[in-house]
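A.B. asks: In my numbering, the protein residues as written are 355 to 661.
Spelled out as structure tokens, the structure:
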């Protein structure tokens, strides 16, 4: 093919621009795509392979099929970790959704000092989960924090010993997680609320609809894409919860607040059972997919039907 040239024999600038527009984005993005394929999907595949082997301290090629998965489900500690994940994940997501939505509705009323309040609510998200866990470990410590302070006020019967109670320790993780993440959820919902068409709300008010009815029937249903995003983010945070639990309870007392992420780390890197740890990691991935795939399907289904 003969390319258009100038008098000096060079390719016309318009042709160069077209080539640059076509290839430059691919060239810029290709290292990121290759790195993702290798370090994300490649290692997922490698982990899946290890879960089918009898790997101990180091990987090996001794394939044992699904024996590691069978051994995993026979362990009481895995049952405890999975139960704790269900408790923590369910309460964490539910409370964050409710608290974040209520805070967003409160700030959406154009109140005074909205910027300052928004910054206060968002501040915990600027902290790492390690810092959050350490702070709440001090607050909930019966001998140092909240219980000791209330006792000094004269309320000697007050008790807040959840941190050292094996039946309640997982709920301290819920408290710390909600404190850190509800402000972020509020910000997402607030952005969604500010995107709702004011003319629809004004029309509903002219028709005599009360403010609670407007939010329940018009505003909140319009936030469905925001709910989708929030559920994805919170589910991801809950399933991979490691640093918060380690900083706050370290999985204790005993293993009462153990979660799959801690189980995977300890069996893979401290107990020399790499195959079993890989199997637990794959079960965590299956849990993520069990949440992610239905949500994506519902979202794309609604989009295809034009809702």
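No residue lacks a Cβ here, since even glycine has one placed at the ideal position from N, Cα and C.
Evaluate contact between the region 402 to 419 and the region 621 to 638, counting only Cβ atoms and requiring at least three cross-stretch pairs below 8 Å.
C.D. replies: The region 402 to 419 is in contact with the region 621 to 638.
A.B. asks: Looking at C-alpha atoms only, which residue of 437, 582, 487 is the closest neighbour of residue 650?
C.D. replies: Your numbering for residue 650 matches position 296 in the chain shown. Here the closest residue by C-alpha is 582.
A.B. asks: How is the alpha helix (DSSP H) around residue 535 delimited, first residue to last?
C.D. replies: Within the chain shown, the letter at position 181 stands for residue 535. Unbroken alpha helix (DSSP H) run through residue 535: 523 to 548.
A.B. asks: For residue 371, which residues in the same chain have their Cβ closer than 6 Å to its Cβ, ignoring the five residues on either side in sequence?
C.D. replies: Along the chain shown, read from residue 1 onward, the residue named residue 371 stands at position 17. Nothing listed; no residue qualifies.
A.B. asks: So, with DSSP's three-state summary, where would you put residue 654?
C.D. replies: What you label residue 654 is simply residue 300 of the chain shown in a count that begins at 1. Residue state, collapsed to three classes: helix.
A.B. asks: Quick one: Cα of residue 451 to Cα of residue 444, how far?
C.D. replies: By 1-based counting over the chain shown, the position of residue 451 is 97. By 1-based counting over the chain shown, the position of residue 444 is 90. For residue 451 and residue 444, the distance between alpha carbons rounds to 11 Å.
A.B. asks: State the Cα-Cα distance for the pair residue 544 and residue 536, rounded to the nearest angstrom.
C.D. replies: As a working mapping, residue 544 is identified with position 190 in the chain shown. As a working mapping, residue 536 is identified with position 182 in the chain shown. C-alpha separation (whole angstroms): 12 Å.
A.B. asks: Work out the CA separation of residue 514 and residue 424 for me, nearest whole Å.
C.D. replies: Against the chain shown, residue 424 aligns to sequence position 70. Against the chain shown, residue 514 aligns to sequence position 160. Going from the Cα of residue 424 to the Cα of residue 514 covers about 39 Å.
A.B. asks: I'd like the list of long-range same chain contacts for residue 458, defined as Cβ closer than 7 Å, with 5 residues on each side in sequence excluded.
C.D. replies: Residue 458 sits at position 104 when you count from the first residue of the chain shown. Result list for residue 458: 540, 543, 544, 547, in chain order.
A.B. asks: Considering only DSSP beta bridges, list what residue 407 is partnered with.
C.D. replies: Here the question's residue 407 lines up with position 53 in the chain shown. Partner(s): 417.
A.B. asks: Suppose the cutoff is 7 Å on Cβ atoms and the five residues either side in sequence are ignored; what does the same chain contact list for residue 570 look like?
C.D. replies: On the chain shown, residue 570 is found 216 positions in, with the first residue counted as 1. Answer for residue 570: no residue qualifies.
A.B. asks: Once DSSP output is grouped into helix, strand and coil, what is the label at residue 594?
C.D. replies: Taking the first residue of the chain shown as 1, we reach residue 594 at position 240. Looking at residue 594 - three-state DSSP - the assignment turns out to be coil, as it is neither helix nor strand.
A.B. asks: Three-state secondary structure (DSSP) at residue 357?
C.D. replies: Start at 1 with the first residue of the chain shown, and residue 357 comes out as number 3. Here residue 357 scores only 47 on pLDDT, less than 50, and its place in the model should not be relied on; the value that follows carries that caveat. In this structure, residue 357 counts as coil in the three-state DSSP scheme.
A.B. asks: What three-state label does DSSP hand residue 502 in the structure shown?
C.D. replies: In the chain shown, counting from the first residue as 1, residue 502 sits at position 148. DSSP places residue 502 in helix when its eight states are reduced to three.
A.B. asks: Rounded to a whole number of angstroms, what is the C-alpha to C-alpha distance between residue 431 and residue 589?
C.D. replies: As a working mapping, residue 431 is identified with position 77 in the chain shown. As a working mapping, residue 589 is identified with position 235 in the chain shown. Cα-Cα distance, rounded: 22 Å.
A.B. asks: So residue 487 packs on residue 530, CB below 8 Å; how close in whole Å?
C.D. replies: As a first step, residue 487 must be located in the chain shown, where it is residue number 133. As a first step, residue 530 must be located in the chain shown, where it is residue number 176. Yes, they are in contact, since the Cβ atoms of residue 487 and residue 530 sit about 6 Å apart, within 8 Å.
A.B. asks: How do the region 511 to 526 and the region 474 to 488 stand: do at least 3 beta-carbon pairs fall below 8 Å, yes or no?
C.D. replies: Contact between the region 511 to 526 and the region 474 to 488 is absent, because fewer than three Cβ pairs lie under 8 Å.
A.B. asks: Among 585, 468, 387, whose alpha-carbon lies nearest the alpha-carbon of residue 652?
C.D. replies: Indexing the chain shown from 1 puts residue 652 at position 298. That would be 585, whose Cα lies nearest to the Cα of residue 652.
A.B. asks: Is it the case that the Cβ atoms of residue 527 and residue 598 are separated by a distance below 8 Å?
C.D. replies: Within the chain shown, the letter at position 173 stands for residue 527. Within the chain shown, the letter at position 244 stands for residue 598. Contact flag set, yes.
A.B. asks: Could you tell me if residue 654 is buried or exposed, where buried requires 16 or more neighbouring beta carbons within 10 angstroms of its beta carbon?
C.D. replies: Here the question's residue 654 lines up with position 300 in the chain shown. When all chains shown are included, residue 654 counts as exposed.
A.B. asks: Identify, in the order they occur along the chain, each residue of the same chain with its Cβ nearer than 7 Å to the Cβ of residue 636, setting aside the five sequence neighbours on each side.
C.D. replies: The residue given as residue 636 occupies position 282 in the chain shown. Within the same chain, residue 636 has close Cβ partners 401, 402, 405.
A.B. asks: Threshold first: 4 residues or longer. Then list the alpha helix (DSSP H) segments lying entirely within the region 547 to 573, N to C.
C.D. replies: Listed in chain order, the complete alpha helix (DSSP H) runs (minimum 4 residues) inside the region 547 to 573 are 552 to 560, 565 to 568.
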